[in-house]
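Each remark here refers to the structure printed beneath this line.
Listed below in structure tokens is the structure:
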């Protein structure tokens with residue numbers, strides 16, 4: 001069947017489509033139907049089925065005779081170590097940890113916060129919670145204490161599982177002091193903590209509250225899998241909210257398993273025994289879906305990578321890892337590729353390694369600019385699949401489904417909607433926008449299995465954040481357009497669409513032009529206040545390593561490029577060259593924060609920022625252009 005056949009089959013009979021997809025999952029009790037719409041516009045999937053996520057990700061593969069296959073490969077260029085864990089070993093380790101948690105009173109429905117770096121034990125902790133029906137909440141390792149405290153108070157965990165430290169290329173991140181401070185700040189206090197002591201730092205345990213990972217499990221009876229309802233929460237994952245209060249995205253178990261199993265086969269073309277690597281972190285949704293659950297559900301080998309795209313030790317570490325572990329599909333963020341391209345513009349590091357088994361590179365997390373996509377395609381010689389999804393959806397909204405058929409790619413587009421997603425582009429009044437016209441991207445309800453049914457203890461906020469603006473639709477918060485072939489283009493967050501003298505312009509479209517300049521490695525465009533036009537665009541450029549062209553010449557050339565390709569309507573006259581862009585740990589560029597700096601507004605340093613010191617560098621650069629001195633961060 002072609003993609004069009006599959007998508008049409010879903011459109012014709014969504015209930016049959018998803019019930020058929022659910023056959024790929026082991027159910028303790030099969031669901032009577034797929035969609036439960038009695039509380040519309042709040043929808044649920046497979047609610048009356050009984051299932052266990054850990055059984056589907058681990059135990060069934062051992063039962064099928066594949067226990068000796070490697071389930072998790074840990075690759076750490078930071079510690080210079082590599083370690084494989086088979087499915088049988090993973091089953092034993094997870095059952096042991098789950099048994100110890102159960103002995104301390106953790107039961108179905110209890111919450112457990114996981115605060116760990118990229119080590120196999122982080123995945124084991126997630127699976128141990130799933131084994132018991134406990135609801136895990138993974139918080140990015142190293143998050144500030146006050147941010148961790150907010151999450152402790154919101155989800156009220158019975159226990160916290162943490163590591164003693166995390167490792168960066170040039171420093172040790174001390175997790176335990178952050179955890180202690182967060183518990184001190186939080187109103188809710190966990191009953192106990194489990195600490196995995198790393199060789200690089202042994203943390204001091206709090207008597208009566210803290211237990212060492214190995215001693216905690218000594219002599220306990222392993223736990224069996226606890227079946228849960230299809231609508232039982234598998235986890236809570238916090239995403240930043242516009243109010244500064246994080247939103248706890250809830251993921252129901254049954255629909256999540258069905259959607260991930262379908263996506264592994266049909267989007268990524270990965271099956272049992274294949275090797276799949278997602279270079280992300282378990283603290284993000286990508287790590288939940290495509291480091292932990294997705295690859296293990298399908299019986300693949302997943303790679304847990306503790307390192308950086310450059311600097312651990314060089315710009316070839318990704319390609320070395322792909323070669324050494326014979327990776328079939330690789331998934332990373334565009335920002336990682338841009339960092340590599342900046343260090344290695346000619347692809348010299350790529351040519352040092354044999355990537356014979358690599359079939360595709362997948363990109364997600366932010367918009368993939370055409371220049372970076374084309375660079376990767378040229379040097380890797382495989383399809384580069386930009387695909388688009390969100391923390392809230394849990395799996396791709398739009399992609400090139402190479403497991404069904406490899407569609408023609410269009411640089412700048414994540415290709416086409418996946419089954420379950422009825423994607424529309426709407427104007428400000430909620431009317432369909434013509435093809436090629438920029439508008440708000442929305443998805444007609446119901447959302448498919450695997451997507452959020454709501455926010456943790458915040459139904460009113462869920463409705464207000466996602467459902468109120470366009471009744472009958474889920475508002476994605478992204479802006480873009482659909483072309484005549486049905487390909488979707490996601491150009492910017494809705495907040496990043498700027499209005500220049502009444503003309504709505506996408507920052508992504510201007511960034512495409514800037515990135516096409518041969519000296520530019522990566523860039524960002526923000527809208528800043530202007531008395532005459534309302535807003536004007538400002539470009540911030542990072543140059544490739546080794547560029548010798550004078551900066552003033554590059555700035556003149558990029559201004560001319562924008563005028564040539566977009567036109568005078570963009571009023572693009574201001575740009576500056578900087579060493580680096582402020583980003584979140586997941587690689588998203590903090591455009592709104594930079595816009596506040598440029599406009600002289602007070603701002604809060606985002607909790608997810610990778611390095612707050614970059615904001616002072618941005619302030620100095622923008623002040624040098626004549627923009628007002630911004631108030632210090634509040």
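Residue numbers (full-length UniProt numbering): 1 to 634.
Quick reminder that beta carbons are idealized off the backbone N, C-alpha and C, glycines included.
Along the beta strand (DSSP E) that carries residue 17, what are the first and last residues, could you check? Reading the chain shown from its first residue, position 17 is the one you call residue 17. Not the beta strand (DSSP E): residue 17 falls in the alpha helix (DSSP H), residues 14 to 21.
How long is the line joining the alpha carbons of residue 12 and residue 419, rounded to whole angstroms? Position 12 of the chain shown, counting from 1, holds the residue named residue 12. Position 419 of the chain shown, counting from 1, holds the residue named residue 419. Here the C-alpha atom of residue 12 lies approximately 11 Å from the C-alpha atom of residue 419.
So, is residue 217 buried or exposed, given that buried needs 16 or more other C-beta atoms within 10 angstroms? Against the chain shown, residue 217 aligns to sequence position 217. So residue 217 ends up on the buried side.
Helix, strand or coil: how does DSSP classify residue 58 here? Working through the chain shown from its first residue, we reach residue 58 at position 58. Three-state result, residue 58: helix.
Measure how close the beta-carbons of residue 17 and residue 449 come, nearest whole angstrom, since I'm counting them as under 8 Å. For the purposes of this step, residue 17 is taken as the residue at position 17 of the chain shown. For the purposes of this step, residue 449 is taken as the residue at position 449 of the chain shown. That belief does not hold up - the Cβ atoms of residue 17 and residue 449 are roughly 10 Å apart, past 8 Å.
Using the Cα positions of residue 192 and residue 159, report the straight-line distance between them to the nearest angstrom. Numbered from its first residue, the chain shown carries residue 192 at position 192. Numbered from its first residue, the chain shown carries residue 159 at position 159. In this model, residue 192 and residue 159 are separated by some 5 Å (Cα to Cα).
Classify residue 624 as helix, strand or coil using the three-state DSSP reduction. Taking the chain shown and counting its residues from 1, the one referred to as residue 624 is at position 624. DSSP places residue 624 within a helical segment (H, G or I) once states are collapsed to three.
Are the CB atoms of residue 26 and residue 55 within a distance shorter than 8 Å? One-based indexing of the chain shown puts residue 55 at position 55. One-based indexing of the chain shown puts residue 26 at position 26. Their beta carbons are under 8 Å apart, which means residue 55 touches residue 26 by this criterion.
Would residue 254 and residue 51 be called neighbours here (beta carbons separated by less than 8 Å)? Along the chain shown, one-based indexing puts residue 254 at 254. Along the chain shown, one-based indexing puts residue 51 at 51. Yes, the Cβ-Cβ distance between residue 254 and residue 51 is below 8 Å.
Straight-line CA distance for residue 107 to residue 293? Reading the chain shown from its first residue, position 107 is the one you call residue 107. Reading the chain shown from its first residue, position 293 is the one you call residue 293. Taking the straight line joining both Cα atoms gives about 21 Å.
Nonlocal neighbours in the same chain, by C-beta distance under 8 Å from residue 243, ignoring five residues either side: For the purposes of this step, residue 243 is taken as residue 243 along the chain shown, with counting starting at 1. Legend: pLDDT at residue 243 = 47, less than 50; position of this residue unreliable, no value from coordinates given.
Residue nearest to residue 87 in terms of C-alpha spacing, selected from 95, 74, 99 and 68: Within the chain shown, the letter at position 87 stands for residue 87. When each option's Cα is compared against that of residue 87, the closest is 68.
Restricting to Cα atoms, I'd like to know which of 186, 424 and 320 is closest to residue 351. Here residue 351 is taken as the residue at index 351 of the chain shown, counted from 1. Comparing Cα-Cα distances from residue 351 to each of 186, 424 and 320, the minimum goes to 320.
Would you kindly work out how many angstroms separate the C-alpha atoms of residue 514 and residue 598, rounded to a whole number? Within the chain shown, the letter at position 514 stands for residue 514. Within the chain shown, the letter at position 598 stands for residue 598. Rounded to the nearest angstrom, the two C-alpha atoms are 19 Å apart.
Compute the Euclidean distance between the alpha carbons of residue 258 and residue 22, then round it to the nearest angstrom. Translated into the one-based positions of the chain shown, residue 258 becomes position 258. Translated into the one-based positions of the chain shown, residue 22 becomes position 22. Going by the C-alpha atoms only, they are around 5 Å apart.
Mind checking whether residue 299 and residue 273 have CB atoms under 8 Å apart? The residue given as residue 299 occupies position 299 in the chain shown. The residue given as residue 273 occupies position 273 in the chain shown. In contact: residue 299 and residue 273 (Cβ atoms closer than 8 Å).
Quick check on the burial criterion: 16 or more other C-beta atoms within 10 angstroms. Buried or exposed for residue 73? Taking the chain shown and counting its residues from 1, one reaches residue 73 at position 73. Answer is buried; the Cβ neighbour count reaches 16.
Can you grab the Cα-Cα spacing for the pair residue 269 / residue 402, in whole Å? In the chain shown, counting from the first residue as 1, residue 269 sits at position 269. In the chain shown, counting from the first residue as 1, residue 402 sits at position 402. Cα to Cα, residue 269 sits roughly 6 Å from residue 402.
Helix, strand or coil for residue 4 per DSSP? The residue you call residue 4 lines up with position 4 of the chain shown. It is helical.
Residue 98 and residue 114 - do their beta-carbons sit closer together than 8 Å? Residue 114 sits at position 114 when you count from the first residue of the chain shown. Residue 98 sits at position 98 when you count from the first residue of the chain shown. In this structure, residue 98 does not lie closer than 8 Å to residue 114 by Cβ.
Selected residue, minimal CA-CA separation from residue 559, among 411, 517 and 585: Here residue 559 corresponds to residue number 559 of the chain shown, with the count starting at 1. For the residues 411, 517 and 585, the minimum Cα distance to residue 559 belongs to 517.
Mind checking who residue 478 pairs with in its DSSP beta bridge? Residue mapping note: residue 478 aligns to position 478 of the chain shown, counting from 1. Its beta-bridge partners are 493.
Euclidean distance between Cα positions of residue 594 and residue 212: As a working note, residue 594 is residue 594 in the chain shown. As a working note, residue 212 is residue 212 in the chain shown. The straight-line gap separating the alpha-carbon atoms of residue 594 and residue 212 is approximately 43 Å.
The alpha helix (DSSP H) with residue 176 in it runs from where to where? Position 176 of the chain shown, counting from 1, holds the residue named residue 176. Run containing residue 176: 175 to 185, per the alpha helix (DSSP H) assignment.
Would the beta-carbon of residue 570 fall within 8 Å of that of residue 510? Position 570 of the chain shown, counted from the first residue, corresponds to residue 570. Position 510 of the chain shown, counted from the first residue, corresponds to residue 510. Contact check for residue 570 against residue 510 passes: the beta carbons are separated by less than 8 Å.
Simplified DSSP assignment, three categories, for residue 432: The residue you call residue 432 lines up with position 432 of the chain shown. For residue 432, the three-state secondary structure derived from DSSP is strand.
According to DSSP, simplified to helix, strand and coil, what is residue 243? Locating residue 243 in the chain shown gives position 243, counting from the first residue. Here the model assigns residue 243 a pLDDT of 47, short of 50, so the residue's position is not dependable and the matter cannot be decided.
So what does residue 45 bridge to, in DSSP terms? Stepping through the chain shown from its first residue, residue 45 is reached at position 45. Answer by DSSP bridge pairing, in chain order: 35.
What separation, rounded to the nearest whole angstrom, lies between the Cα atoms of residue 232 and residue 285? Stepping through the chain shown from its first residue, residue 232 is reached at position 232. Stepping through the chain shown from its first residue, residue 285 is reached at position 285. The straight-line gap separating the alpha-carbon atoms of residue 232 and residue 285 is approximately 18 Å.
Determine whether the beta carbon atoms of residue 186 and residue 149 lie at a separation below 8 Å. Residue numbering aside, residue 186 sits at position 186 when the chain shown is read from its first letter. Residue numbering aside, residue 149 sits at position 149 when the chain shown is read from its first letter. Yes, they are a contact pair.
Nearest by alpha-carbon distance to residue 209: which of 609, 178, 190 and 197 is it? As a first step, residue 209 must be located in the chain shown, where it is residue number 209. Checking every option, the nearest Cα to that of residue 209 belongs to 190.
Please state whether DSSP places residue 69 in a helix, a strand or coil. Here residue 69 corresponds to residue number 69 of the chain shown, with the count starting at 1. Three-state result, residue 69: coil.
Residue 465 versus residue 252: straight-line alpha-carbon distance, rounded: By one-based count along the chain shown, residue 465 stands at place 465. By one-based count along the chain shown, residue 252 stands at place 252. Between the alpha carbons of residue 465 and residue 252 lies a gap of roughly 19 Å.
Cβ-based neighbour list, residue 504, same chain, cut-off 7 Å, excluding 5 preceding and 5 following: Within the chain shown, residue 504 is the residue found at index 504, counting from 1. Cβ within range, chain order: 438 and 497.
So is residue 359 in contact with chain D if we call contact Cβ pairs under 8 Å? The structure shown has no chain D; it contains just one protein chain.
Candidates 30, 349, 563 and 445: closest to residue 476 by CA position: Within the chain shown, the letter at position 476 stands for residue 476. Answer by Cα proximity: 445.
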